[in-house]
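Numbering (our numbering), first residue to last: 100 to 406. Glycine included, every Cβ here is placed at the ideal spot set by N, Cα and C. Notes for the one structure printed next.
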Ligand code: BEZ
Ligand code: FE
């Protein structure tokens with residue numbers, strides 16, 4: 100009787116590992132295939148890619164069942180705190196940089212076009228109209244700040260009649276909508292003049308925390324991250340034939356520039372807010388008594404639509 104000698108170099112442990120990996124990969128393949136019949140090609144792409152990344156994540160970190168339960172509880176709490184006034188899922192997207200990455204992907208670089216950043220939850224439709232040089236404060240407390248600039252296209256041509264929405268927190272770190280008295284303050288809209296120029300009085304921006312009394316705040320606390328946003332002033336600029344720009348300007352020298360909780364800071368959006376001592380004449384002759392004030396310049400460049 101002859102015996103074939105089979106030399107098997109794999110150990111039982113390696114066999115086990117191969118079998119485990121095969122089962123995991125087989126499951127992923129099955130889930131991917133389950134979406135093959137989707138009529139909408141884009142939906143199919145999104146769900147299959149999501150499946151690939153999600154399964155890769157679970158396998159990479161060897162997700163425990165306890166961790167899976169914690170994640171489900173976290174998302175449930177995120178849903179429970181969300182209502183018409185509070186959108187915790189967007190906040191979650193913000194602190195993961197997912198909002199900012201989506202904005203970056205969708206606002207492709209176009210010449211000198213001004214960079215976009217996060218929208219945030221505090222924009223309100225139908226803010227009051229002010230004339231050029233008007234005041235957006237509406238009684239909100241804070242140091243007056245003269246803001247001026249132009250709106251042009253990437254070709255340098257001025258854009259007359261561009262609509263500029265501006266909104267910001269007061270010096271206590273709150274937007275008007277965070278108060279319960281229905282005040283309208285720290286927000287307005289205005290239009291550029293025939294040379295594409297604009298100016299207004301706002302407030303020198305101050306830092307404030309994103310809402311952090313919910314699950315997202317708990318996640319930040321658990322990871323030693325601060326909920327603070329770098330001081331900023333929001334803009335949304337619209338003009339026919341141009342891509343709508345949602346952005347902010349930030350204050351040069353603010354120590355939070357490198358740790359903004361929603362990753363909204365872009366170097367090109369950091370501006371000099373130049374402090375003016377009390378008594379320094381104002382650009383429009385406004386009398387500010389013994390109050391110091393500041394001024395800044397923000398020249399806005401809009402990409403062409405479809406870019
Ligand atoms: C804001 O700047 O208003 C903001 C942005 C993202 C999350 C929370 C607030
Ligand atoms: Fe803000």
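Next on the checklist: With H, G and I counted as helix, E and B as strand and the rest as coil, what does DSSP make of residue 186?
Outcome noted: If you number the chain shown from 1, residue 186 lands on position 87. Collapsing the DSSP output to three states places residue 186 in coil.
Item to check | Classification of residue 368 by the beta-carbon crowding that lies within 10 angstroms, buried from 16 upward | outcome: Residue numbering aside, residue 368 sits at position 269 when the chain shown is read from its first letter. With at least 16 other beta carbons inside 10 angstroms of its own, residue 368 counts as buried.
Checklist entry - Of the residues 397, 378, 398 and 399, which one's Cα is nearest the Cα of residue 389? => result Working through the chain shown from its first residue, we reach residue 389 at position 290. Looking only at 397, 378, 398 and 399, the smallest Cα-Cα distance to residue 389 is reached by 378.
Checklist entry - Would you call the CB atoms of residue 263 and residue 297 closer than 8 Å? => result For the purposes of this step, residue 263 is taken as the residue at position 164 of the chain shown. For the purposes of this step, residue 297 is taken as the residue at position 198 of the chain shown. By the CB criterion at 8 Å, residue 263 and residue 297 fall inside the cutoff.
Item to check | Close Cβ partners of residue 365 (< 8 Å) along its chain, the five nearest in sequence each way excluded | outcome: By 1-based counting over the chain shown, the position of residue 365 is 266. Here the set comprises 214 and 216.
Item to check | Outcome for residue 392 when other beta-carbon atoms lying within 10 angstroms are tallied against a minimum of 16 | outcome: To locate residue 392, count along the chain shown from 1; it is residue 293. Flag for residue 392 reads buried.
Checklist entry - Exposed or buried, what is residue 333 when buried is set at 16 or more other beta-carbons lying within 10 Å of its beta-carbon? => result Translated into positions along the chain shown, residue 333 becomes position 234. Classification for residue 333: buried.
Item to check | residue 188, buried or exposed, once every other Cβ within 10 Å from all chains shown has been counted against 16 | outcome: Here residue 188 corresponds to residue number 89 of the chain shown, with the count starting at 1. Result: exposed.
Checklist entry - Expressed to the nearest angstrom, what Euclidean distance is found between the alpha-carbon atoms of residue 194 and residue 130? => result Your numbering for residue 194 matches position 95 in the chain shown. Your numbering for residue 130 matches position 31 in the chain shown. Residue 194 and residue 130 have their alpha carbons spaced roughly 29 Å apart.
Checklist entry - Curious, which full-length beta strand (DSSP E) runs of at least 3 residues does the stretch 176-242 contain? => result Listed in chain order, nothing qualifies, since the stretch 176-242 has no complete beta strand (DSSP E) run of 3 or more residues.
Checklist entry - Any residues whose CB sits closer than 6 Å to a heavy atom of the ligand BEZ? List them in chain order? => result Going along the chain, the residues that qualify are 190, 193, 217, 219, 220, 221, 309, 328 and 361.
Next on the checklist: Just checking residue 226 against the ligand FE - is the residue's beta carbon closer than 7 Å to any of the ligand's heavy atoms?
Outcome noted: Locating residue 226 in the chain shown gives position 127, where the first residue counts as 1. Taking 7 Å as the cut-off, the C-beta of residue 226 does not count as close to any heavy atom of the ligand FE.
Checklist entry - Per DSSP, residue 349 is paired with what? => result Taking the first residue of the chain shown as 1, we reach residue 349 at position 250. 331 and 369.
Next on the checklist: Between which residues of its own chain and residue 112 is the CB-CB distance below 6 Å, once the five residues before and five after are set aside?
Outcome noted: On the chain shown, position 13 is the one that residue 112 refers to. Excluding sequence positions up to five before and after residue 112, its CB lies less than 6 Å from no other CB in the same chain.
Next on the checklist: Suppose contacts are defined by Cβ-Cβ distances below 8 Å. Is residue 249 in contact with residue 357 by that definition?
Outcome noted: As a working mapping, residue 249 is identified with position 150 in the chain shown. As a working mapping, residue 357 is identified with position 258 in the chain shown. With respect to residue 357, residue 249 sits apart: the two C-beta atoms are not nearer than 8 Å.
Next on the checklist: Residues in the same chain with beta-carbon distance under 7 Å from residue 221, minus the five sequence neighbours each way, listed in chain order, please.
Outcome noted: For the purposes of this step, residue 221 is taken as the residue at position 122 of the chain shown. Listed in chain order, the non-local C-beta contacts of residue 221 below 7 Å within the same chain comprise 266, 274 and 276, local neighbours out to five positions each way being set aside.
Item to check | Chain-order list of residues whose beta-carbon lies under 6 Å from that of residue 395 (same chain, five-residue window excluded) | outcome: Walking along the chain shown from the start, residue 395 turns up at place 296. Scanning its chain for C-beta atoms nearer than 6 Å, with the 5 sequence neighbours on each side dropped, one finds around residue 395 the residues 246, 370 and 372, in chain order.
Next on the checklist: Quick check: residue 283 and residue 219, are their CB atoms within less than 8 Å of each other?
Outcome noted: Counting from 1 along the chain shown, the entry for residue 283 is found at position 184. Counting from 1 along the chain shown, the entry for residue 219 is found at position 120. No, Cβ-Cβ distance for residue 283 and residue 219 is not below 8 Å.
Next on the checklist: On the CB-based measure, 16 or more other CB atoms within 10 Å of its CB, does residue 288 come out buried or exposed?
Outcome noted: Stepping through the chain shown from its first residue, residue 288 is reached at position 189. Residue 288 is buried by the Cβ-count criterion.
Item to check | Whether residue 240 touches residue 207 by CB criterion (8 Å) | outcome: Against the chain shown, residue 240 aligns to sequence position 141. Against the chain shown, residue 207 aligns to sequence position 108. No, the pair does not count as a contact, with Cβ atoms beyond the cut-off.
Checklist entry - Going by DSSP, what residues sit across from residue 408 in a beta bridge? => result One cannot answer for residue 408 here, as it falls past the ends of the chain, which runs 100 to 406.
Checklist entry - For the beta strand (DSSP E) that contains residue 301, what are its first and last residues? => result If you number the chain shown from 1, residue 301 lands on position 202. In the DSSP assignment, residue 301 falls within the unbroken beta strand (DSSP E) covering 296-302.
Checklist entry - Going by DSSP, what residues sit across from residue 403 in a beta bridge? => result Working through the chain shown from its first residue, we reach residue 403 at position 304. Partner(s): 341.
Next on the checklist: Please tell me whether, using a cut-off of 7 Å, the distance from the CB of residue 284 to the nearest non-hydrogen atom of the ligand FE is below it.
Outcome noted: Residue 284 sits at position 185 when you count from the first residue of the chain shown. A distance criterion of 7 Å places the beta-carbon of residue 284 beyond contact range of the ligand FE, judged by its closest non-hydrogen atom.
Item to check | At least three beta-carbon pairs within less than 8 Å, the stretch 176-185 to the stretch 310-326 | outcome: Look at the beta carbons and you see the stretch 176-185 touching the stretch 310-326: at least three pairs across the two are nearer than 8 Å.
Next on the checklist: Is it buried or exposed, residue 382, if we count other Cβ atoms within 10 angstroms and call 16 or more buried?
Outcome noted: Taking the first residue of the chain shown as position 1, residue 382 is located at position 283. Exposed: under 16 other Cβ atoms inside 10 Å.
Item to check | Inter-residue CB distance, residue 259 and residue 211 (contact presumed, cutoff 8 Å) | outcome: For the purposes of this step, residue 259 is taken as residue 160 along the chain shown, with counting starting at 1. For the purposes of this step, residue 211 is taken as residue 112 along the chain shown, with counting starting at 1. Residue 259 to residue 211, Cβ: 19 Å. No contact.
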